[in-house]
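**Student:**
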Ligand SMILES: [Zn+2]
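In my numbering, the protein residues as written are 198 to 523.
#1: According to DSSP, simplified to helix, strand and coil, what is residue 303?
#2: For residue 273, count neighbouring C-beta atoms within 10 Å of its own C-beta (all shown protein chains included) and say buried if the count is 16 or more, exposed if not.
#3: What did DSSP end up calling residue 420 once you bin it into helix, strand or coil?
#4: Provide the residue(s) that pair with residue 410 in DSSP beta bridges, ordered along the chain.
#5: Do residue 425 and residue 374 have their CB atoms nearer than 8 Å?
#6: Report the three-state DSSP secondary structure of residue 497 (helix, strand or coil).
#7: Looking at the unbroken beta strand (DSSP E) that takes in residue 342, where does it start and where does it end?
#8: Excluding the five sequence neighbours on either side, which residues of its own chain have a C-beta within less than 7 Å of the C-beta of residue 385, listed in chain order?
#9: Which two residues bound the contiguous alpha helix (DSSP H) that contains residue 378?
#10: Please tell me whether residue 378 and residue 393 are closer than 8 Å, where the distance is taken between their beta carbons.
#11: Comparing alpha-carbon positions, which option in 376, 321, 483, 422 lies nearest residue 361?
#12: Suppose you measure from the CA of residue 311 to the CA of residue 351; what does that come to, to the nearest Å?
#13: Inspect the CB distances between the stretch 497 to 517 and the stretch 466 to 484 and report whether three or more fall short of 8 Å.
Shown next as structure tokens:
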């Protein structure tokens with residue numbers, strides 16, 4: 198995964214010329230009243246129409262093996278109108294194919310969630326398929342992928358905020374930007390303009406990727422200054438973006454319930470692989486901490502390693518073990 202060196206981007210920020218070097222250069226109207234936390238349930242058009250982005254025009258980048266690339270020299274393209282927006286989130290309505298559009302937020306401390314996440318399993322984003330592969334972390338190819346992360350805005354099961362994204366996009370693509378913004382807001386108390394735009398090719402139901410723009414306000418982007426594209430890809434899996442259907446490059450990675458029972462009847466003590474977060478019993482639908490005694494007692498054919506979060510497991514219908522209380 199490519200890591201973005203923010204200090205270098207921030208230094209470039211002051212010097213860069215060309216299209217949208219000044220992030221607040223145009224004169225659009227402020228988006229709302231000041232000082233209130235609003236989650237706007239707007240049916241109005243996307244707040245981030247291309248014409249409001251100065252001279253910058255997005256064109257779909259080609260995937261050449263880099264999961265995250267820089268756009269526009271790393272300069273986000275927020276307008277004066279964006280800069281005047283109060284703390285809150287604005288989502289686009291779904292289009293005629295049921296696809297999400299751009300999501301915009303000004304993220305400050307007030308917007309960070311305080312409540313627990315509610316389940317999101319009821320939302321079926323465009324192109325959604327429930328499909329597993331042996332070579333995908335957590336097995337499920339697709340996640341319900343938040344445009345504006347729950348950790349940043351507290352909006353969870355909203356169909357305008359969830360796209361069909363690969364596990365890889367969620368974790369390797371978007372997470373580092375989200376973590377950066379979250380820690381900037383938490384630690385520095387600043388606010389960050391943030392826009393995530395899913396980008397589709399024609400009538401395809403699955404986004405080819407998401408465009409991410411972020412700029413810390415009031416410090417000239419020294420804390421956060423990003424303009425990225427994260428590809429909606431998964432290593433080893435071929436995806437049909439038109440429908441969301443997929444197949445593995447190596448047929449060995451096809452998920453079969455029997456295929457995972459090769460280690461049956463083995464009495465060797467089981468050692469979970471490094472990085473595993475939970476062990477799941479596919480028979481009882483309970484999940485455990487890797488060190489739980491219940492893991493050793495589990496029938497190997499029912500044992501699955503899981504690399505995601507507790508919330509995801511619960512969303513998938515698993516319940517925590519009463520003994521190790523994961
Ligand atoms: Zn347990």
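Every residue, glycine too, gets a C-beta built ideally from N, C-alpha and C. Predicted model, so just to flag it, every value in this text is computed and none were measured.
**Tutor:** Taking the geometry as given:
#1: strand
#2: buried
#3: coil
#4: 392, 424
#5: yes
#6: helix
#7: 339 to 343
#8: 420
#9: 372 to 385
#10: no
#11: 321
#12: 8 Å
#13: yes
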